[in-house]
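J.:
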Amino acid sequence: MKPIVCKFGGSSLADGTNILKVCEILKSDPNRKYAVVSAPGKRYSGDTKVTDLLYQCFREATEKGDCSETFAKIRKRFTSIVEELDMSGFHIAEILDETEKQIDEQRSADFTASRGEYLNARVIAAKLGWKFVDAKDIIFFDGSGALDEKRTYAEIAKHLDGCDGAVIPGFYGTGSDGKIKTFSRGGSDISGSIVARAVNAELYENWTDVSGFLTCDPRIVNSPEKIEVISFKELRELSYMGANVLHADSIFPVRKGDIPIKIKNTFRPQDPGTLILPSKQYVLQGNIVTGIAGKKDFTVIFLEKSMMNAEIGFARKVLSVLEAHKICFEHMPSGIDTLSLVIESKYLTEGVLDVLLKEIDEAVHPDYIRVLENIALVATVGHGMASNIGTSAKLFRALSEADINVRMIDQGSSELNIIVGIDNDDYEKCVRAVYHAFFGKKSK
Ligand code: ADP
Ligand code: ASP
Ligand code: MG
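Position 172 of the sequence shown, counted from 1, bears residue number 178 in my numbering, the numbering being contiguous throughout.
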């Protein structure tokens, strides 16, 4: 039987009571052999995630030379978890002392941040009586920061072969310099996917605090409909555009092995969850739109030049300016004489935008350059959109009825999505309007 790899997010592991639920889930199916775990998340709204406390420790250690006050909060959290789990023989105090010392010695943001996963995995492995396999020994990055697949998969096989229960900390591995390196935030989802691919899992179960992937962010629309089945492509679009129930990069390892993902709720394990299928296994579900997601804080640089389309190399010259500054762009909608670049505002720190505008002006001499700031993008995603006439009419009617000014439109060439750019202030209103247009009658 192929194993099931389970990843448990911080929201599932916030305290001892939750960790007991997780242990029960793992023990309830003998195929659930490998658990990838996050650091403890928030216990209540307003609480601080352990990973955030650790980043704070790093800042304090570098700025003030001491992080003992914040580390005391982390110590308290793990000590009470171990107490709640009734693990009196487990020497958490010694492990915490050692960790505090290493944080002080290493002075590395990645090392410090990774300790939440490390400590939690040590505790959970001991509680389950399973092997603790440190991610530093099995997940490796190459010199460019990408996953070193060959080495990683070989080491995972070596460490997990013949092992009937292992707990692995998510979120980090070893960089090409031999030091601990983390993925971006929420990266334990990627670790779980890597382990699933390495052991050729039957299924990658991602356990969180919602009963599946929802058709839109539950913090914006009250109780949105749940998605039962979704394709990898749709998932990638939605998670990239902000549906952060799964890290946007977590599909790549499992996709290569055609391994399905299931999103499950730790607090309602009986709920069926959402099944995420590789394209080969996915059949159209009969719905037009599968889901809606979005993100705030983009900047649009709009260029206009007569006969732009006849000017060979125009787009290349514009993009070369971005490349020289190592800036990614998200979208590049274009017309006959116009071209827009949509860029995440976080890349355009103090002065960078002015430099870009000057260099673009020098490179292509546009007739006109305009900048739109504080733009949000909302993506409406679904395989069904390509075959249903009137989808965009329905979408734009809903936006117009909600009095939302559309500043940019981009329809992916796959016809899998329509992305609109609107003012940041209209973001929530826009998500609600699109949701009600496509799911309104069915929603509660
Ligand atoms: P974990 O701690 O398990 O990794 P995350 O906080 O990363 O959990 O992801 C789960 C959260 O994602 C949910 O609690 C929910 O608020 C949020 N979320 C945003 N968009 C969606 C969506 N489309 N479907 C489900 N949850 C979503
Ligand atoms: N603990 C890390 C974070 O908060 C990684 C994760 O939870 O996936 O981002
Ligand atoms: Mg997460």
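Note that CB positions come from ideal geometry on N, CA and C, so glycine has one too. Values in this document were obtained by computation on a predicted structure and should not be read as measured data.
Using a 10 Å radius around the Cβ and a threshold of 16 neighbouring Cβ atoms, would you call C334 buried or exposed?
T.: exposed
J.: Just confirm the distance between the C-beta atoms of A382 and K301, as a whole number of angstroms; I'd bet it's less than 8 Å.
T.: 7 Å
J.: For the ligand ADP, is there a heavy atom less than 8 Å away from the beta-carbon of R83?
T.: no
J.: State the Cα-Cα distance for the pair Y61 and G418, rounded to the nearest angstrom.
T.: Distance between the alpha carbons of Y61 and G418: 37 Å.
J.: When you compare the CB positions of G52 and G15, do they come within less than 9 Å of one another, or not?
T.: In this structure, G15 does not lie closer than 9 Å to G52 by Cβ.
J.: Look up F503 in the DSSP assignment and say whether it is helix, strand or coil.
T.: Nothing can be reported for residue 503, as the shown portion of the chain is limited to 7 through 450.
J.: Who are M414's beta bridge partners in DSSP?
T.: G427
J.: Is it true that the CB of S229 sits closer than 9 Å to the CB of D282?
T.: Residue identity differs from the one stated: residue 282 is Ile in this sequence, not Asp. Taking 9 Å as the Cβ cut-off, I282 and S229 do not qualify as a contacting pair.
J.: Judging by CA-CA distance, which residue of I101, E89, R438 and I10 is the nearest neighbour of I226?
T.: R438
J.: Pull up the CB-CB distance for K286 and E211, whole angstroms please, since I reckon it's below 8 Å.
T.: Not quite, the Cβ-Cβ distance comes to about 20 Å (not below 8 Å), so this is no contact.
J.: Under 8 Å from any heavy atom of the ligand MG, does the C-beta of G279 make it?
T.: no
J.: Can you give the Cα-Cα distance for F258 and G341, rounded to whole angstroms?
T.: Taking the straight line joining both Cα atoms gives about 33 Å.
J.: Looking at the structure shown, is S326 part of a helix, part of a strand, or coil, going by DSSP?
T.: helix
J.: According to DSSP, is I349 helix, strand or coil?
T.: strand
J.: DSSP beta-bridge partners for K270?
T.: W213
J.: Quick one: using the 10 Å Cβ neighbour count with 16 as the cut-off for buried, is I145 buried or exposed?
T.: By the 10 Å Cβ count, I145 comes out buried.
J.: Do V88 and F96 have their beta-carbon atoms positioned less than 9 Å apart in this structure?
T.: yes
J.: Tell me whether D303 sits in a helix, a strand or coil according to DSSP, three-state version.
T.: strand
J.: Would you decide whether K270 is buried or exposed? Buried here means 16 or more other CB atoms lie within 10 Å of its CB.
T.: Looking at its Cβ environment, which holds 16 or more other Cβ atoms inside 10 Å, K270 is buried.
J.: With the cut-off set at 9 Å, would you say D343 and E310 are in Cβ contact?
T.: Taking 9 Å as the Cβ cut-off, D343 and E310 qualify as a contacting pair.
J.: Following a CB-centred definition, is G300 positioned closer than 8 Å to any heavy atom of the ligand COA?
T.: With respect to small molecules bound, the structure shown includes the ligand ADP, the ligand ASP and the ligand MG and not the ligand COA.
J.: Pull the bridge partners of Y441 from the DSSP assignment, please.
T.: Beta-bridge pairing links Y441 to no other residue.
J.: Of the residues G135, T305 and G181, which one's Cα is nearest the Cα of L378?
T.: T305
J.: Does K450 come out as helix, strand or coil in the three-state DSSP assignment?
T.: Reliability of the predicted coordinates at K450 is poor, the pLDDT of 36 falling under 50, and the value obtained from them is presented with this limitation in mind. The answer is coil: DSSP assigns K450 none of H, G, I, E or B.
J.: Collect the residues with a C-beta less than 5 Å away from any heavy atom of the ligand ASP and give them in sequence order along the chain.
T.: Around the ligand ASP, the residues whose beta-carbon falls short of 5 Å from at least one of its heavy atoms are G16, S44, A45, T57, F177, R191, G192 and S194, given in chain order.
J.: Chain C beta carbons: is any one of them nearer than 9 Å to that of F402?
T.: The structure shown contains no chain C; it is built from a single protein chain.
J.: What residue range is occupied by the uninterrupted beta strand (DSSP E) comprising K311?
T.: Note, K311: premise wrong, no beta strand (DSSP E); not H, not E.
J.: Any idea if Y50 is buried or exposed, counting beta-carbon neighbours within 10 angstroms, 16 or more meaning buried?
T.: exposed
J.: Any idea which residues DSSP pairs S237 with across the strands?
T.: L283
J.: Can you tell me which of R157, G357 and G198 puts its alpha carbon nearest to the alpha carbon of L209?
T.: G198
J.: Measure from the alpha carbon of G168 to the alpha carbon of each residue in V205, L153 and D255, then state which is nearest.
T.: That would be V205, whose Cα lies nearest to the Cα of G168.
J.: Classify K450: buried if its beta carbon has 16 or more other beta carbons within 10 angstroms, exposed otherwise.
T.: A caution first: K450 carries a pLDDT of 36, below 50, which makes its placement in the model too unreliable to give a value.
J.: At what residues does the alpha helix (DSSP H) containing K156 begin and finish?
T.: E155 to L166
J.: Which of helix, strand or coil does DSSP assign to H337?
T.: strand
J.: Rounded to the nearest angstrom, what separates L325 and M313 at their Cα positions?
T.: 18 Å
J.: Could you check how far apart the C-beta atoms of A404 and V440 are, in whole angstroms? I think they sit under 8 Å.
T.: 6 Å
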